[in-house]
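Below: the structure, in structure tokens.
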Amino acid sequence: MIPGIVVSILLAGLLPAGVSGAADLRWLQHAVIFGVFLLQGLSLDLKQLESWREHARLVLLVLAGNFILLPAIGFGLHLWMPGPPPLLLGLFFLSVLPTTITSAVAIATDNGGDRLMALFGTALSNLASVFVTPAMVSLLLSGGEHNGGGDLWSLIQKLFLLLALPLLLGASWRRLPRFAATAPRWASYFNLCAILYLLFVAMARSVRQDVWAHLGGKEWVVAGGGALLLFGSGQIGLTLLAALTRLDERQRVSLIITGGQKSLATGIPIATLIFTHSQWADQLGLIVLPLLIYHPLQLLANSQWPRLRQGDPA
């Protein structure tokens, strides 16, 4: 994913005119987003999700990490950190995104975490994000285009049709053995190409508006430092939350991993739908920059879990 991100950004800088008719390609963006979440739904097992009530307390802790703890930190960074408004908005947007689905469950399971807790938490986090993420962004943007209740409801309807509906359809189609067995072979490639395409469109539009020409060292420090502070503070907060709620070791691992991860695969499509038709459209590249930094940061941190579990500080 990371090499693809770099290539997409470079291509956007070299070929920004390639999306000059972006309005005419709106249908393609929507189709791509629908396809991404349709295939993500194939990773959800509805039979396992039916028993989520037995783990309701643990799932609520994951949701609290995703949509209360990290947004509170993100809001503090938005108020406290100096920097251009699009980057500060991007930090808050990053904080209200859901966790990853497949990777969070895999990482938690590989490191001795509670698999069902991670599975239920990630699935419900992504479904909740259809309503929670645009609502929180709209609350922050007082006086913005999506601040009114009507605009917010219209946006939520669009997110439901393009995100939640295909996610549920994909989970339902998983019950078709033949399709479910063959889809994973090409689903990951489609998702990767789709996310990189949406990223290319966002970055190219910002290049055409000379947004990046005004980005200096201070702005990079804000984006990188903000992402680092959000991740580090979130990990500390989740660790304290696990201790206060007296989770066992398996549950603690799942909470810290799933509660602190933010999904690039979900974030780019949601950002496209929320900001493309707003006053922030030309700044979309800057808005998603903190997310692009956060993604490899969480991958690097998660790679250290085996050492931490073995008590090796090196």
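Positions in the sequence shown are counted from 1; adding 120 to them yields the working numbering. Backbone N, C-alpha and C define an ideal beta-carbon position, used for all residues, glycine too.
Where residue i falls, given that 16 or more other Cβ within 10 Å makes a residue buried
i, result
"A151", "exposed"
"K338", "exposed"
"A391", "buried"
"P218", "buried"
"A284", "buried"
"G270", "Low local confidence applies: a pLDDT of 47 at G270 is under 50, so the model's placement there is unreliable, with the coordinate-based value given in what follows. Looking at its Cβ environment, which holds fewer than 16 other Cβ atoms inside 10 Å, G270 is exposed."
"Q160", "buried"
"W200", "exposed"
"G263", "Confidence in G263 is poor, its pLDDT being 47 and thus under 50, which makes the residue's placement too unreliable to answer from."
"V126", "exposed"
"P476", "Given that the chain is displayed from residue 121 to residue 434, the structure contains no residue 476 and the question cannot be resolved."
"G491", "Nothing can be reported for residue 491: it is not among the residues displayed for the chain, which extend from 121 to 434."
"W147", "exposed"
"L164", "buried"
"D330", "exposed"
"Y414", "buried"
"I274", "Looking at the sequence shown, residue 274 is not Ile but Ser. Label assigned to S274: exposed."
"V341", "exposed"
"A238", "buried"
"R325", "buried"
"G194", "buried"
"G387", "buried"
"A363", "exposed"
"L287", "buried"
"G133", "exposed"
"S383", "buried"
"P205", "exposed"
"S128", "buried"
"P254", "buried"
"A333", "exposed"
"S245", "buried"
"R372", "buried"
"P202", "exposed"
"L360", "exposed"
"G336", "exposed"
Collapsed DSSP secondary structure at residue i in the structure displayed
i, result
"S436", "Here the chain covers residues 121 to 434 and nothing more, so residue 436 does not appear."
"H397", "coil"
"G336", "coil"
"S215", "helix"
"L316", "helix"
"P204", "coil"
"V321", "helix"
"G233", "coil"
"V331", "coil"
"L404", "helix"
"L164", "coil"
Element boundaries [alpha helix (DSSP H), containing residue i]
i, result
"R177", "176-184"
"G194", "190-200"
"I227", "222-230"
"P410", "409-422"
"L134", "122-134"
"L148", "146-161"
Any non-hydrogen atom of the ligand NAP within 7 Å of residue i CB
i, result
"L358", "This structure does not include the ligand NAP; it has no bound ligands of any sort."
* Asked: Hey, which unbroken runs of the alpha helix (DSSP H) at 4 residues or more fall wholly within the segment 356-395?
  -> 369-380, 384-395
* **Any alpha helix (DSSP H) of 4 or more consecutive residues that is wholly inside the segment 238-289** => 269-279
* **Segment contact, 8 Å Cβ cut-off, at least three pairs: the segment 361-371 with the segment 175-192** => yes
* Segment contact, 8 Å Cβ cut-off, at least three pairs: the segment 402-419 with the segment 320-329 -> yes
* **the segment 206-214 contacting the segment 346-355, beta-carbon criterion three pairs below 8 Å** => yes
* Could you tell me whether the segment 417-425 touches the segment 187-201, where touching means 3 or more Cβ pairs closer than 8 Å? => no
* **the segment 227-240 in contact with the segment 253-260 per 3-pair CB rule at 8 Å** => no
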